[in-house]
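Let me begin by presenting the structure, written as structure tokens, before commenting on it.
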Amino acid sequence: MGFTVASWNVLADAYVRPETYARCQREAVDPAARLSKQIEVLERLDADVICLQEVEEELSERLSLAAAWKKCYAKKGENRKNGCKIRVKPPVAPGPWDSFRYADGSGHVAVVAVIPLADGPVAVATSHLKWDPPGTDPARRFGLRQADELIAALEDRGPGLPWIACGDFNVPPDDPVLARFTAAGFRDAYAARPRDATCVANGRARRIDFILYTGPLMSTPRPLPVLADDSILPSLEMPSDHLPIAATFRRLR
Numbered sequence: 207m208g209f210t211v212a213s214w215n216v217l218a219d220a221y222v223r224p225e226t227y228a229r230c231q232r233e234a235v236d237p238a239a240r241l242s243k244q245i246e247v248l249e250r251l252d253a254d255v256i257c258l259q260e261v262e263e264e265l266s267e268r269l270s271l272a273a274a275w276k277k278c279y280a281k282k283g284e285n286r287k288n289g290c291k292i293r294v295k296p297p298v299a300p301g302p303w304d305s306f307r308y309a310d311g312s313g314h315v316a317v318v319a320v321i322p323l324a325d326g327p328v329a330v331a332t333s334h335l336k337w338d339p340p341g342t343d344p345a346r347r348f349g350l351r352q353a354d355e356l357i358a359a360l361e362d363r364g365p366g367l368p369w370i371a372c373g374d375f376n377v378p379p380d381d382p383v384l385a386r387f388t389a390a391g392f393r394d395a396y397a398a399r400p401r402d403a404t405c406v407a408n409g410r411a412r413r414i415d416f417i418l419y420t421g422p423l424m425s426t427p428r429p430l431p432v433l434a435d436d437s438i439l440p441s442l443e444m445p446s447d448h449l450p451i452a453a454t455f456r457r458l459r
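Following this note's numbering, the numbering of the sequence shown begins with 207 at its first residue and continues without gaps.
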């Protein structure tokens, strides 16, 4: 039958600073306009499971009221006002789910849920891994430690199930963070589309958002709009500095 999983860093209002997004049109960074557009984009994704990052409480509550979608939501620590959320399209409801903060004290969180889909359950996680400055010693990298914790959490919560790990991992595909997932048996749903970029950061269009998966699954990634180094996000059509990504999965028999 197949199922579709999407992932999107929606861009928290708390991070929309005038100096950072000075090239954007005013309406594109207006909180009320962005909220309406975020919901519009999410409803157009047409996915069975949506993994979100940088979700603030107002958006989380609005999404929980829309179309009876079930909510699995956890806020970051360290007084941050945003977090991660998994939405599951009815009539399916999430099975056991929980969240955890990484042990490094960064406040970053992951949400993990077992989703009982029609052709069998899968364990799904969403997270926003902490960015490390270039050149950070591997022993001090948040991203590497958090990747290890996320992999262990899926192994613990979904033994014997296919796993799908989604999120803004703040690294390109050739980074050692992705190598940790590869060593654990994960495959990249967008591996066949290496030129696709998901955000423009510091004047560079790059792919730092991922849908990774294990188990007897075949993935078909959804093509993305073309981003260039001079693309401006957020825009009137895209209310985040990240594009949503999605892949359709089918079980191999």
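Just so it is clear, CB atoms sit at the ideal spot from N, CA and C, and this is done for glycine as well.
Distance between residue j and residue i (C-alpha atoms, nearest Å)
{"i": "Arg346", "j": "Pro297", "result": "44 Å"}
{"i": "Gly301", "j": "Glu355", "result": "21 Å"}
{"i": "Leu251", "j": "Ala212", "result": "7 Å"}
{"i": "Ser242", "j": "Val261", "result": "14 Å"}
{"i": "Ala453", "j": "Ala398", "result": "12 Å"}
{"i": "Leu430", "j": "Tyr396", "result": "10 Å"}
{"i": "Val315", "j": "Arg232", "result": "31 Å"}
{"i": "Leu433", "j": "Val294", "result": "29 Å"}
{"i": "Ala239", "j": "Pro445", "result": "8 Å"}
{"i": "Cys230", "j": "Asp338", "result": "26 Å"}
{"i": "Ala274", "j": "Arg268", "result": "Annotation note: pLDDT 49 at Ala274 (below 50); position unreliable, coordinate value reported separately. Taking the straight line joining both Cα atoms gives about 11 Å."}
{"i": "Tyr221", "j": "Asn215", "result": "12 Å"}
{"i": "Ala389", "j": "His448", "result": "27 Å"}
{"i": "Ser305", "j": "Pro450", "result": "22 Å"}
{"i": "Thr342", "j": "Phe348", "result": "9 Å"}
{"i": "Pro224", "j": "Gln259", "result": "21 Å"}
{"i": "Asp219", "j": "Leu265", "result": "10 Å"}
{"i": "Glu443", "j": "Ala411", "result": "18 Å"}
{"i": "Asp236", "j": "Lys336", "result": "26 Å"}
{"i": "Leu217", "j": "Tyr227", "result": "12 Å"}
{"i": "Ile321", "j": "Arg459", "result": "19 Å"}
{"i": "Ser312", "j": "Leu423", "result": "33 Å"}
{"i": "Trp369", "j": "Val328", "result": "6 Å"}
Same chain, Cβ closer than 6 Å to residue i, neighbours up to 5 away in sequence not counted
{"i": "Val318", "result": "Ala331, Ala359 and Arg363"}
{"i": "Cys257", "result": "Ser213, Ile292, Thr332 and Cys372"}
{"i": "Ala324", "result": "Met207"}
{"i": "Pro427", "result": "Ala395, Tyr396, Arg399 and Ala453"}
{"i": "Ile357", "result": "Ala390"}
{"i": "Phe387", "result": "Leu418"}
{"i": "Ala353", "result": "Val383 and Arg386"}
Cβ neighbours of residue i in the same chain (closer than 8 Å, five flanking residues each side left out)
{"i": "Arg351", "result": "Tyr308, Ala309 and Asp310"}
{"i": "Arg393", "result": "Leu418, Tyr419, Thr420 and Ser425"}
{"i": "Ser441", "result": "Cys230, Gln231 and Ala234"}
{"i": "Ala253", "result": "Thr210, Val211, Ala212, Lys295 and Ala452"}
Terminal residues of the beta strand (DSSP E) in which residue i lies
{"i": "Ser333", "result": "Gly326 to His334"}
{"i": "Val255", "result": "Val255 to Glu262"}
{"i": "Lys291", "result": "Asn288 to Val294"}
{"i": "Asn285", "result": "Where Asn285 is concerned, there is no enclosing beta strand (DSSP E), given that its DSSP letter is neither H nor E."}
{"i": "Arg307", "result": "Trp303 to Arg307"}
{"i": "Phe209", "result": "Phe209 to Asn215"}
{"i": "Ala319", "result": "Val315 to Leu323"}
Chain-order list of residues whose beta-carbon lies under 7 Å from that of residue i (same chain, five-residue window excluded)
{"i": "Gly326", "result": "Arg457"}
{"i": "Gly289", "result": "Val261, Tyr279, Ala280, Lys281, Lys282 and Val315"}
{"i": "Asp402", "result": "Tyr396, Arg413 and Leu430"}
{"i": "Val377", "result": "Gly349, Val383, Leu384 and Ile414"}
{"i": "His334", "result": "Asn215, Gln259, Glu260, Cys290, His314, Gly373 and Asp374"}
For residue i, the first and last residue of its enclosing alpha helix (DSSP H)
{"i": "Leu384", "result": "Pro382 to Ala389"}
- Is the segment 437-449 touching the segment 404-422, taking contact as three or more C-beta pairs under 8 Å? Cβ pair count under 8 Å is three or more, so yes.
- Note down, one range per segment and in chain order, each beta strand (DSSP E) of at least 3 residues found wholly within the segment 400-457. Listed in chain order, the complete beta strand (DSSP E) runs (minimum 3 residues) inside the segment 400-457 are 405-407, 410-412, 415-419, 423-427 and 451-457.
- Could you tell me whether the segment 281-292 touches the segment 231-249, where touching means 3 or more Cβ pairs closer than 8 Å? No, the segment 281-292 does not touch the segment 231-249.
- Sequence ranges, alpha helix (DSSP H) only - wholly within the segment 327-377, length at least 4: Correct list: 348-363.
- Query: What are the complete alpha helix (DSSP H) segments, minimum 4 residues, inside the segment 228-252?
  - Reply: Counting whole runs of 4 or more residues, the segment 228-252 contains the alpha helix (DSSP H) stretches 237-250.
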